[in-house]
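Participant:
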Amino acid sequence: MNNQYTITNLTVEKSETPLSKDDFVSDQMVRWCPGCGSHAILNSVEAVFPKIGYKKENFMIVSGIGCSSRFPYYVNTYGFHGIHGRASAIATGVKLANPGLSVWIATGDGDSMAIGGNHFIHLIRRNVDVNLLLFNNQIYGLTKGQYSPTSPMGTVTKTSPQGTIEHPFNPGELVIGSQGTFFARVIDSNQKMMTEVMFESARHDGTSVIEILQNCIIFADKTHAMVTSKELRDDRQLHLEDGKPMLFGKDKTKGIRLNGTHLEAVTIGVDGITEKDILVHDQYRADPGIHLMLSKMSPPELPVALGVIRSARFSTYDDLVEEQIHYAKANSKIKCVDDLLNSGDTFTIE
Amino acid sequence: MSNRAKVQEIEDVVVKFVGDSGDGMQLTGTLFSDAAVKAGNDMATFPDFPAEIRAPLNTVAGVSGFQVHIGSSKIHTSGDYCDVLVAMNPASLKANLKWVKPGATIIVDIDTFEEKAFAKAGYDSNPLDNGSLDSYYILKAPVSSMTKAALTDLPVDTKMADKTRNMFALGLMLYIFNRQLEPTIKYINNKFGKNLPVLEANVAVLNAGYNYADTIEALPSIYNIAPAVIEKGKYRNITGNIAAAWGLLAASERSARPLFLGSYPITPATDIMIELARHKSLGAKVFQAEDEIAGICSSLGASFAGSLAVTTTSGPGLSLKSEAIGLAVITELPIVIIDVQRAGPSTGMPTKSEQADLYQALFGRNGECPTVVMAASSPADCFYAAFEAAKIAMEHMTPVLLLSDGYIANGSQLFKIPKVADLPEIHPPIAKPNDPNYKPFRRDPETFVRQWAFPGTEGLRHRVGGLEKENGIGTVSTDPNNHQLMVDMREAKVQKVSEYIADQKIIGENEGDLLIVSWGGTLGAMTSAVDTLQKEGKSVSLAHFKHIMPLPKNTANVLKGFKKILVCELNSGQFVNYLRMKHHEHSYFQYNKVQGLPFMVSDLIAKFNQMLNEK
Chain G
116 MNNQYTITNL TVEKSETPLS KDDFVSDQMV RWCPGCGSHA ILNSVEAVFP KIGYKKENFM
176 IVSGIGCSSR FPYYVNTYGF HGIHGRASAI ATGVKLANPG LSVWIATGDG DSMAIGGNHF
236 IHLIRRNVDV NLLLFNNQIY GLTKGQYSPT SPMGTVTKTS PQGTIEHPFN PGELVIGSQG
296 TFFARVIDSN QKMMTEVMFE SARHDGTSVI EILQNCIIFA DKTHAMVTSK ELRDDRQLHL
356 EDGKPMLFGK DKTKGIRLNG THLEAVTIGV DGITEKDILV HDQYRADPGI HLMLSKMSPP
416 ELPVALGVIR SARFSTYDDL VEEQIHYAKA NSKIKCVDDL LNSGDTFTIE
Chain Z
49 MSNRAKVQEI EDVVVKFVGD SGDGMQLTGT LFSDAAVKAG NDMATFPDFP AEIRAPLNTV
109 AGVSGFQVHI GSSKIHTSGD YCDVLVAMNP ASLKANLKWV KPGATIIVDI DTFEEKAFAK
169 AGYDSNPLDN GSLDSYYILK APVSSMTKAA LTDLPVDTKM ADKTRNMFAL GLMLYIFNRQ
229 LEPTIKYINN KFGKNLPVLE ANVAVLNAGY NYADTIEALP SIYNIAPAVI EKGKYRNITG
289 NIAAAWGLLA ASERSARPLF LGSYPITPAT DIMIELARHK SLGAKVFQAE DEIAGICSSL
349 GASFAGSLAV TTTSGPGLSL KSEAIGLAVI TELPIVIIDV QRAGPSTGMP TKSEQADLYQ
409 ALFGRNGECP TVVMAASSPA DCFYAAFEAA KIAMEHMTPV LLLSDGYIAN GSQLFKIPKV
469 ADLPEIHPPI AKPNDPNYKP FRRDPETFVR QWAFPGTEGL RHRVGGLEKE NGIGTVSTDP
529 NNHQLMVDMR EAKVQKVSEY IADQKIIGEN EGDLLIVSWG GTLGAMTSAV DTLQKEGKSV
589 SLAHFKHIMP LPKNTANVLK GFKKILVCEL NSGQFVNYLR MKHHEHSYFQ YNKVQGLPFM
649 VSDLIAKFNQ MLNEK
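Those sequence lines, one after another, are chains G and Z. Just so we're on the same page, this note's numbering is the position in the first sequence counted from 1, plus 115. Just so we're on the same page, this note's numbering is the position in the second sequence counted from 1, plus 48.
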């Protein structure tokens, strides 16, 4: 990836008047199941869009197929409900055609990592400046309960009556492995963190992926309970903050340190461990090594990392497209189609 | 010019240059054609190359060819069989002898005719010695050795000598056809101007070939082809793929909608993408997607955002795009899908041409899913066809599938350069900001077309998508009557396009014994064959279709005036069956060929005569 390139930073036009949640609430009946995690995500989006401050007409939501992908109908923005797996490709076209839009993708684990896996990794690799909300409930909900690429091995579903025999994807690992520049993870029930992270994702130039650990109350209830339950959450959630040590646990006495080539959980005060031994989070570092390790952490040995794991600054595809066009317009002799038609080898018959 | 050989006037000639795929035959053929064009001849060309980039040296699999037909009257095709074959090695002779007319001239590089090469080419013995070529005039030119000799005083290696052999052959041919060397030397200067040794080597070898032809006494004659009577104006030589790319750029300028191409490389369509990628100065955004599906989906996103959206592909890619075409149909967004057809099914024969994607274009989607389907007729027509496809797509808010094929995409012909200002205007139905009456699926009562409202426009926020929508307000709907209405509306909207396209023309009388019907890239061959019979006074007319869905509104009238209708196409009968469905009041004869090759004019003439003679 070329980090030397000047980032032209095309900005989205701001709203002249302050906006509120009402500016984004749609008149459509929301048809997700009561108790579905998607409601919380919708609330967060409606709360964060006015805060971002762009003109309301400059927001655009694109989706694929699945429960998550009904999202565009429930927010009052321009919206495109696409076909299964292809939201990333449609969104790429929208953003390249009009870089002055703030483009958001609503997608699920099946939509983006099974049928849309190819588009997902290439969107991230190109670093197109869009925001991707990955509703990860580890199940196919709309088709009524089949395993997904993120279902833990052994998950019993309608299409895996004896348990799945597939190794699941860890979305963070996939994002960073695809040269991702922004990856965050949040829980659907923590709306405060979700809103903050969405705000940061909007500020990030490049593809921002937010994995939302989402509960499907019907087909995969409590699928994330080992991370989210009241009893376990203090010890199993690491809330990352840039520049702060990676502490967790009820009294923030536990922490993460780098031991050789891997991360380990330690307790301050035990075996001579002090806060100085604890890793300090640097979400902006270009090297993805620690970010990858953080995104892979899982219980019971390690807590799950939440918040912005990686937010590195690299050139974006859409900026470079504009830059090449700008250069060509300034330097090419061909300024219009008549120039083109008459260029090169022509001859006149008299 | 030497007077050793007498100058003979001829009307037209078909020349084919053949050699190993690294021998530069495409360039040689192109330069030979350009020289003819500059001397005022009409012409048509066709490159014939293998699917492999560099198949094993000197094998039949690695043979690359370039055929050009030049003449002093209108030239419609690149010719059935050649009058002159230039063969750079035994394998290329072996592969192409079946395309050589009896009595034709065959020029070979005699230096390559040696034992090892015969075996590789699949010859038992030297074909030049065993009498098998007695019915041809063979010119044994020492191309390789004389090329080396011409380069002795220049600072170039043997590799360069191999690379410039084609210039020797070109020089020789330019002499035989009584051409000036200057235009070719000018071209070489432009191409290699920055690399003096290469420039000098090419010019030296070109001259050597020319002088060789001048000094030998073996030539039966040299030929002169008088300038053709061509409409005055400024011209260029153009291939169908370049013409299509330029037609799209012209439509973008004329409509003031920026061009967005989302595509994935596939033979034989890739050259459209390559050409558009060169023209960022015209604002063209070219996105090389990760696959065919992302190609069309990115384009559809760009279409929603207000671009003239295009995707280019060939048959297998069109299969992958089917679902997204359905999305374009239901969202009623404009998009141009160009399918440069090749021989299928599946991977088939990627470098060979066919017209067998018509069913796929018409019917290859789930649900009731109508799109406009058009077909380009010739290399130069690809410009106008692409322009019109873009105009229809945007003005009627519909996908337009434009069928081209490998034959016209890679073939070239003279193209009279138009002025953009003379092209039709394009007026997309763009919604006005803050229009209080805007509804996503409110339709124009005349055309049934909905408005195009781009994200970023104030007061028009709305959603589109693959779910059925309520007519007018555009919210999600599963209402049975609404679905029926929307299905009918989408069909009626496409049918309505017939009122905005040209009437179907008949070449010849409006009634008679035999109507020949054809479509797409076969126009050249059909015109030549029909023209020949018409000159013989036979009652034959031609209706060559460019618009397929919808058909021109006078189609019923066109078909009714003839005793017999013969539908000719390079598939097993797809258009004929479509006509049987749409205009079942007639009975149709059909003539089909599915060999990955264009029609032979001679075969067509024989078939037409047979039809006329049978009672």
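Every residue, glycine too, gets a C-beta built ideally from N, C-alpha and C. Keep in mind it's a predicted model, so treat the numbers as computed, not measured.
Using a Cβ-Cβ cut-off of 8 Å, state whether P503(Z) counts as contacting chain G.
Facilitator: Counting from 1 along the second sequence, the entry for residue 503(Z) is found at position 455. True, the Cβ-Cβ gap to chain G drops below 8 Å.
Participant: Taking only three categories from DSSP, how would you classify F593(Z)?
Facilitator: Numbered from its first residue, the second sequence carries residue 593(Z) at position 545. Of the three classes helix, strand and coil, the one that applies to F593(Z) here is strand, per DSSP.
Participant: So, are the CB atoms of P311(Z) and A337(Z) less than 8 Å apart?
Facilitator: The residue you call residue 311(Z) lines up with position 263 of the second sequence. The residue you call residue 337(Z) lines up with position 289 of the second sequence. One detail in the question is off: residue 311(Z) reads as Ser in this sequence, not Pro. For S311(Z) and A337(Z), yes; Cβs fall inside 8 Å.
Participant: Using the Cβ count rule (16 or more neighbours within 10 Å means buried), how would you classify D96(Z)?
Facilitator: Working through the second sequence from its first residue, we reach residue 96(Z) at position 48. That one is buried.
Participant: Run the CB neighbour count on C417(Z), radius 10 Å, all protein chains shown included, and call it buried at 16 or more, exposed below.
Facilitator: In the second sequence, the residue the question calls residue 417(Z) occupies position 369. C417(Z) should be labelled buried.
Participant: For chain G, find out if any of its Cβ atoms is closer than 8 Å to the Cβ of V85(Z); answer yes or no.
Facilitator: What you label residue 85(Z) is simply residue 37 of the second sequence in a count that begins at 1. Output row for V85(Z): interface = yes.
Participant: In chain G, which residues lie less than 8 Å from W294(Z) when you measure between Cβ atoms?
Facilitator: On the second sequence, position 246 is the one that residue 294(Z) refers to. What W294(Z) touches in chain G: V452, L455 and L456.
Participant: Throw me the rounded Cβ distance for the F308(Z) and A350(Z) pair, which I believe falls under 8 Å.
Facilitator: Stepping through the second sequence from its first residue, residue 308(Z) is reached at position 260. Stepping through the second sequence from its first residue, residue 350(Z) is reached at position 302. F308(Z) to A350(Z), Cβ: 4 Å. Contact.
Participant: How about Y262(G): is its C-beta nearer than 8 Å to some C-beta of chain Z?
Facilitator: Along the first sequence, read from residue 1 onward, the residue named residue 262(G) stands at position 147. Cβ-Cβ to chain Z under 8 Å: no for Y262(G).
Participant: Report yes if the C-beta distance between E590(Z) and I564(Z) is below 8 Å; otherwise report no.
Facilitator: Here residue 590(Z) is taken as the residue at index 542 of the second sequence, counted from 1. Here residue 564(Z) is taken as the residue at index 516 of the second sequence, counted from 1. The displayed chain sequence assigns Leu, not Glu, to residue 590(Z). Yes, they are a contact pair.
Participant: In its own chain, which residues sit with a C-beta less than 6 Å from the C-beta of G287(G), not counting the 5 before and 5 after it?
Facilitator: Residue mapping note: residue 287(G) aligns to position 172 of the first sequence, counting from 1. Same-chain partners within the cutoff: F298 and S410.
Participant: Comparing the C-beta of C430(Z) with each C-beta of chain G, is any distance below 8 Å?
Facilitator: Translated into positions along the second sequence, residue 430(Z) becomes position 382. It does not: the Cβ of C430(Z) has no partner Cβ on chain G nearer than 8 Å.
Participant: Taking C-beta pairs closer than 7 Å, name the residues in chain Z that K194(G) reaches, listed in chain order.
Facilitator: Here residue 194(G) refers to the residue found at position 79 of the first sequence. Correcting the residue identity first, residue 194(G) is Gly in this sequence and not Lys. Per Cβ cutoff of 7 Å: R511.
Participant: Going by CA-CA distance only, name the one from M408(G), P133(G), G459(G) and R146(G) that's closest to L289(G).
Facilitator: Position 174 of the first sequence holds residue 289(G). Here the closest residue by C-alpha is M408(G).
Participant: If you pair each beta-carbon of the segment 412-428 of chain G with each one of the segment 297-314 of chain G, do three or more pairs fall below 8 Å?
Facilitator: Three or more Cβ pairs closer than 8 Å define a contact, and the segment 412-428 of chain G meets that threshold against the segment 297-314 of chain G.
Participant: Starting from the N-terminal side, write out each stretch of the beta strand (DSSP E) that is 3 residues or longer and does not extend beyond the segment 522-604 of chain Z.
Facilitator: 560-567, 588-593 and 595-597
Participant: Can you tell me whether F623(Z) is helix, strand or coil according to DSSP?
Facilitator: The residue you call residue 623(Z) lines up with position 575 of the second sequence. Helix.
Participant: Please report whether the beta-carbon of F623(Z) lies at a distance below 8 Å from any beta-carbon of chain G.
Facilitator: Numbered from its first residue, the second sequence carries residue 623(Z) at position 575. Answer no: the Cβ-Cβ gap between F623(Z) and chain G never drops below 8 Å.
Participant: Does the segment 460-471 of chain Z come into contact with the segment 87-102 of chain Z, if we say contact requires no fewer than three beta-carbon pairs (one atom in each stretch) closer than 8 Å?
Facilitator: yes
Participant: Check this for me: beta carbons of T76(Z) and L218(Z), under 8 Å apart or not?
Facilitator: Start at 1 with the first residue of the second sequence, and residue 76(Z) comes out as number 28. Start at 1 with the first residue of the second sequence, and residue 218(Z) comes out as number 170. Yes, the pair counts as a contact, with Cβ atoms nearer than the cut-off.
Participant: Residues of the segment 515-546 of chain Z with a CB closer than 9 Å to any CB of chain G: list them in chain order, please.
Facilitator: L515, T523 and V524
Participant: Let's see if you can read the secondary structure: which residues bound the beta strand (DSSP E) around I314(Z)?
Facilitator: Working through the second sequence from its first residue, we reach residue 314(Z) at position 266. It is not in any beta strand (DSSP E) - I314(Z) carries neither H nor E in the DSSP assignment.
Participant: Taking C-alpha atoms, which residue in L652(Z), N250(Z) and G67(Z) lies nearest to A135(Z)?
Facilitator: Looking up residue 135(Z) in the second sequence gives position 87. Answer by Cα proximity: G67(Z).
Participant: Could you give the DSSP three-state label for P447(Z): helix, strand or coil?
Facilitator: As a first step, residue 447(Z) is located in the second sequence; it is residue number 399 there, counting from the start. Strand at P447(Z).
Participant: Sort F496(Z), T505(Z) and P488(Z) by Cα distance to K480(Z) and report the nearest one.
Facilitator: In the second sequence, counting from the first residue as 1, residue 480(Z) sits at position 432. Ranking F496(Z), T505(Z) and P488(Z) by Cα distance to K480(Z) puts T505(Z) first.
Participant: Classify T399(Z): buried if its beta carbon has 16 or more other beta carbons within 10 angstroms, exposed otherwise.
Facilitator: Taking the first residue of the second sequence as 1, we reach residue 399(Z) at position 351. The residue in question, T399(Z), is buried, as its Cβ has 16 or more Cβ neighbours within 10 Å.
Participant: Under DSSP, the beta strand (DSSP E) around N78(Z) begins and ends at which residues?
Facilitator: Taking the second sequence and counting its residues from 1, the one referred to as residue 78(Z) is at position 30. Here the sequence assigns Thr to residue 78(Z), which means Asn is not the residue at that position. Note, T78(Z): premise wrong, no beta strand (DSSP E); alpha helix (DSSP H) at M73 to K86.
Participant: Under 7 Å Cβ to Cβ from A109(Z), same chain only, skipping five residues before and after it: list those, please.
Facilitator: Walking along the second sequence from the start, residue 109(Z) turns up at place 61. If we look at A109(Z) and ignore the five residues flanking it on each side, its Cβ neighbours are P98, E100 and A103.
Participant: Can the beta-carbon of A438(Z) be found closer than 8 Å to that of P447(Z)?
Facilitator: Mapped onto the second sequence, residue 438(Z) falls at position 390. Mapped onto the second sequence, residue 447(Z) falls at position 399. No, they are not a contact pair.
Participant: For N173(G) and chain Z, any beta-carbon pair shorter than 8 Å?
Facilitator: Working through the first sequence from its first residue, we reach residue 173(G) at position 58. N173(G) counts as touching chain Z.
Participant: Closer than 7 Å by C-beta to S263(G): which residues in its own chain qualify, once you throw out the five before and the five after it? Chain order, please.
Facilitator: The residue given as residue 263(G) occupies position 148 in the first sequence. Hits under 7 Å: D224, G225, A229, Q253, I254 and Y255.
Participant: Can you list, in chain order, the stretches of the alpha helix (DSSP H) that have 4 or more residues and sit fully within the segment 433-486 of chain Z?
Facilitator: 454-458
Participant: Unbroken beta strand (DSSP E) runs of length 3 or more, entirely within the segment 313-400 of chain Z: which are they?
Facilitator: Segments of the beta strand (DSSP E) lying fully in the segment 313-400 of chain Z: 333-336, 356-361 and 383-389.
Participant: Please go through the same chain and pick out, in chain order, the residues whose beta-carbon is closer than 6 Å to the beta-carbon of V535(Z), but skip the five residues on each side of it.
Facilitator: Taking the second sequence and counting its residues from 1, the one referred to as residue 535(Z) is at position 487. Answer for V535(Z): E416, listed in chain order.
Participant: Taking Cβ-Cβ distances shorter than 7 Å, what residues in chain G pair up with E301(Z)?
Facilitator: Residue mapping note: residue 301(Z) aligns to position 253 of the second sequence, counting from 1. Neighbours of E301(Z) in chain G, taken as residues whose beta carbon is under 7 Å from its own, are C451 and V452 in chain order.
Participant: Go ahead and label V347(Z) buried or exposed: buried means 16 or more other beta carbons lie within 10 angstroms of its beta carbon, across all protein chains shown.
Facilitator: For this step, residue 347(Z) is matched to residue 299 along the second sequence. In the sequence under discussion, the amino acid at residue 347(Z) is Ser, which differs from the Val named in the question. Buried.
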